[in-house]
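In the working numbering, the protein residues as written are 303 to 429.
Below, the structure is given as structure tokens:
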């Protein structure tokens with residue numbers, strides 16, 4: 303199994319003792335070579351599910367339950383440094399707001415080369 307998500311929940315402290323349940327009990331399996339689409343209404347938790355899988359949730363977020371396995375590795379056991387090696391190389395996400403991802407103060411070519419140099423250990427001249 304390439305990716306296995308079991309009973310994943312992601313909640314956020316919303317202040318004043320309130321909890322926002324962005325992802326609540328999501329489970330699915332994705333086999334190598336197959337495509338999976340997360341489809342739903344705006345605000346239903348698709349993006350937070352993806353953020354949860356790659357461990358990019360906001361500071362006020364937490365996982366009360368669930369496990370995520372990628373190539374039989376439990377991602378919940380990996381620290382941020384180990385996750386950074388997986389993000390971009392093995393698991394990637396196309397963010398909804400691409401204009402917020404590019405910084406107008408830096409050349410586009412440099413910004414596109416950065417992940418290649420970081421994840422694939424390619425030299426500046428090769429990228």
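Each residue gets a CB set at the ideal place from its N, CA and C atoms; glycine is no exception.
DSSP beta-bridge partners of residue i
i: residue 322; result: 314
i: residue 305; result: 332 and 372
i: residue 393; result: 389
Three-state secondary structure assigned by DSSP to residue i
i: residue 366; result: strand
i: residue 327; result: strand
i: residue 386; result: helix
i: residue 410; result: helix
i: residue 356; result: coil
Straight-line gap, residue i to residue j (C-alpha atoms, nearest Å)
i: residue 304; j: residue 369; result: 14 Å
i: residue 356; j: residue 392; result: 10 Å
i: residue 327; j: residue 425; result: 43 Å
i: residue 410; j: residue 396; result: 17 Å
i: residue 344; j: residue 352; result: 14 Å
Residue nearest to residue i in terms of C-alpha spacing, selected from the options
i: residue 387; options: 421, 336 and 323; result: 421
i: residue 311; options: 337, 364, 338 and 342; result: 364
i: residue 333; options: 379, 367 and 374; result: 374
i: residue 367; options: 407, 385 and 323; result: 323
i: residue 336; options: 362, 382, 418 and 306; result: 306
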